Amino acid sequence: MAQEAMPGTSLAGFRPTYIYKVVLLGSTSVGKTSLAYRYMKNDFKELLPTVGCSFFTQTLNLDVATVKLEIWDTAGQEKYQSVCHLYYRGAHAALLIYDITHKETLNRAKLWLRELEKEFLPDEIIIALVGNKMDLTTEREVTTEEGEQFARTKGLLFMETSAKSSHQVNDIFMAVARELLQREQEKALSQCEQSTVDLGESRTSTRCC
Amino acid sequence: SIQHVYGAQHPPFDPLLHGTLTKPGSKPPTTPVKLKKVSTFQEFESNTSDAWDLGDDDDELLAIAAENLNTEVVMETAHKVIQNHSKLQEQHKFQEEHPQEEKQVESAELTSIACGDNRLVKSVSEGHASYFIDNSNESSSMQRSQSLPQTSIPPLLSGMADYNTLVTPALTEREASRLDKFKQLLAGPHTDLVLFWKAKRNTLFISLLVFFPQGYLPANVDRRESTLQRKRQEYFAFVEQYYDSRNDEHHQDTYRQIHIDIPRMSPEVLRLQPKVTEIFERILFIWAIRHPASGYVQGINDLVTPFFVVFICEYIEEEEVENVDVSNLPEEVLQNIEADSYWCMSKLLDGIQDNYTFAQPGIQKKVKMLEELVSRIDEQVHRHLDQHEVKYLQFAFRWMNNLLMREVPLRCTIRLWDTYQSEPEGFSHFHLYVCAAFLVRWRKEILEEKDFQELLIFLQNLPTVHWGNEEISVLLAEAYRLKFAFADAPNHYKK
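First to last, the protein sequences are chains F and Y.
For what it's worth, UniProt numbering labels the leading residue of the first sequence as 1, then goes sequentially.
For what it's worth, UniProt numbering labels the leading residue of the second sequence as 1, then goes sequentially.
Right, here's the structure in full:
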């Protein structure tokens, strides 16, 4: 799995810093930008439709490491999909976001999953399925069970969130970060068995978009 | 073709030259910039009249410098201009503090518009009015070019003095000719196409002349009104024909998307007015239905706003374009604005439709061209981005997709597009040079950022919130300079 360690850190003495690329994918107006905005600014407002992609960063100080998330928020309209492709390349994690009040958006999230499966090996990327707009439960078209069920069969992380009420927004990003770290450690362990860990791995090898 | 000549003999803003001129006692250089070909330069010059907006002082000085006048004269003039400028600034301050007196100035509206703000007159009479008045143009521009170095300073000064002090000196020949054109413009049957846009500090002319370069309206005055009416009827016939189909099975996705996007548009004040959102929905839906190759693509919704706001500003007294309110406008006026906005947007999109067709080839191509251009004009910036693995597509996609609308405030977009309108292939080609100038404008900040994340966040959130006409004028001048240097030099700029 692609990992990035900042020069000058080592597992022994310091807490290592990892940089991960996380992409937000999903239909138009399911709340991708709103989730990112809530997560970054802890606020909610009407946002312009995303064009191309928007970029955010968030640093998490976890027990064992510092994690820098590079969040790539993509445009949702189907017509942008060919361009989106250029943005999700090289991602370490993807949030597939749908709107619980529009069934159609879950189907679209499934299509996104198929796209990702074409692009990545299963252990190359962490994928979370996120049902947004929990604040609108009265208009719900997708049950929690349905989302959960699908996530389980595909081995995805799953959570229902509300960018508006802030419900579980931090949690989903945190879950992704922890999962990323865990895989990092597993990988480091298996590498240790073979040889020493190369922490000086340059960005060049992993960033391709 | 007819070419007008404005008082600059050289491309603007050579920092070296600019530097030497302000140092007392130094000699003015005789040839500030090497010119390759006269014909190319004339073309360049004819296209750059409003690129000088900001640099009036500079280029008038450069013109004199080139004539080899002695340093004293240059310096004296420079001082005059600087004095005058500070007077102008004081005057503005004064007017801001004493709004009533500003009204007196406004009472002489035509004069103050025509003579007062030199920038504005220049852009009107020379940039656009040539579309209106064909016959007078040639002779007057000839005169101007011949008498240029000697007469270029007085009109500038007299114009400013007139505005500032309300003294009325005799108009120079050049000034008078401008004023004449301007009067003709206003007296014509299409004053409704001419907009006055009152910004807080200066009266800015926004050319609605939009229509002319884009071929929407015929140049012939007699046919204009009828064409305008016909186009408006045509639009509403489309509405009648297609708009009911918005809930049909194969159109409902398009309509739904538009319906979702409109309440998310900017500026906020527009989306809060139901009448406005209805108009935008109709315009966008009709356009999408009639252009199935691309259909509706997010971002296109932004492109209606500048036209709509400019048209609205004709009817309302609002100092900030961002704050327009349509509630008091008669239905008929709104309908005309709707139809006109549709046709303007439609014409605009005709030139850049490949930006929005499948896989958006137009945008991908232009981003690639931007990259090449920047690598040639500022290798350091280009290398810096490359070193930190910032890809042009990551920030410039939006620049192309939304024609910089998301990067600068609305008032600046309007100013920018005003120039695009008067430029051949303004939106499709000249825009590229503007983008290059825009990127390099931030070179200092870019080179200071030493990290991919910081760089990309900076590039996606450029600090332009306080930008106004001055910044756009500088940007345009720089873009013209780049175009001049690269457009005809295929070896320097491979496509």
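A virtual CB, placed ideally from N, CA and C, is assigned to each residue, including glycine.
For clarity, every value in this text was computed on a predicted model and none was experimentally measured.
- With respect to the C-alpha of Y/Ile-363, the residue from Y/Glu-338, Y/Tyr-392, Y/Asp-253, Y/Phe-307 having the closest C-alpha is Y/Tyr-392.
- Y/Thr-413 and F/Ala-177 have their alpha carbons spaced roughly 40 Å apart.
- The continuous beta strand (DSSP E) containing F/Phe-56 extends over residues 53 to 61.
- Put simply, of F/Gly-31, F/Leu-24, F/Asn-107, F/Tyr-20 the residue whose alpha carbon is nearest the alpha carbon of F/Ser-165 is F/Gly-31.
- The residue from Y/Gln-394, Y/Trp-467, Y/Val-381, Y/Tyr-420 with its alpha-carbon nearest to that of Y/Lys-450 is Y/Val-381.
- Around the Cβ of F/Lys-41, a 10 Å sphere holds fewer than 16 other Cβ atoms; the residue is exposed.
- Any Cβ of chain F closer than 7 Å to the Cβ of Y/Gln-353 would place that residue at the interface, and such an atom is absent.
- If you compare the alpha carbons of F/Leu-35, F/Cys-84, F/Val-67 with that of F/Tyr-20, the shortest gap goes to F/Val-67.
- Within chain Y, Gln-453, Glu-454, Leu-456, Ile-457 have C-beta atoms less than 9 Å from the C-beta of F/Thr-57, given in sequence order.
- Y/Pro-361 and F/Ala-175 have their C-alpha atoms some 38 Å from each other.
- Taking 7 Å as the threshold, the shortest C-beta distance from F/Val-23 to chain Y does not fall below it.
- Residues of chain Y with a Cβ closer than 9 Å to the Cβ of F/Ser-29 are, in chain order, Gln-257, Ile-260, Asp-261, Arg-264.
- For the options F/Ser-162, F/Ala-151, F/Leu-106, F/Trp-112, the alpha carbon positioned closest to that of F/Thr-74 is the one of F/Trp-112.
- A Cβ-Cβ distance of about 16 Å is found for the pair F/Leu-96 and F/Leu-180, leaving them out of contact under the 8 Å criterion.
- With a threshold of 16 other beta carbon atoms within 10 Å, F/Glu-160 meets it and is buried.
- The DSSP-derived three-state label of Y/Asn-301 is helix.
- At a cut-off of 7 Å, the C-beta of Y/Arg-398 has a neighbouring C-beta in chain F.
- Secondary-structure assignment with DSSP links Y/Lys-366 through no beta bridge to anything.
- Looking at the DSSP output, F/Leu-25 sits in a beta bridge with F/Leu-96.
- At least one beta carbon of chain Y lies nearer than 7 Å to the beta carbon of F/Lys-79.
- Uninterrupted beta strand (DSSP E) stretches at least 3 residues long and entirely within the segment 240 to 277 of chain Y do not occur.
- Separation of Y/Glu-445 and Y/Leu-385 (C-alpha to C-alpha, rounded to the nearest whole angstrom) is 12 Å.
- Cβ proximity to chain Y below 9 Å picks out Glu-46, Leu-47, Leu-48, Pro-49, Thr-50, Val-51, Gly-52, Cys-53, Ser-54, Phe-55, Phe-56, Thr-57 from the segment 36 to 57 of chain F.
- Y/Val-390 has its alpha-carbon roughly 16 Å from the corresponding atom of F/Val-83.
- Note on Y/Arg-383: under 16 other CB atoms within 10 angstroms of its CB, so exposed under the neighbour-count rule.
- In this structure the segment 295 to 313 of chain Y lies against the segment 261 to 281 of chain Y, because at least three pairs of beta carbons, one per stretch, are closer than 8 Å.
- Look at F/Ala-91 here: in three-state DSSP terms it is coil, with no helix or strand label.
- Y/Ser-226 sits exposed, since fewer than 16 C-beta atoms from the chains shown fall within 10 Å of its C-beta.
- For Y/Gly-426, no Cβ of chain F is located within less than 7 Å of the residue's own Cβ.
- Pairing F/Ser-54 with F/Arg-38, the inter-Cα distance amounts to about 14 Å.
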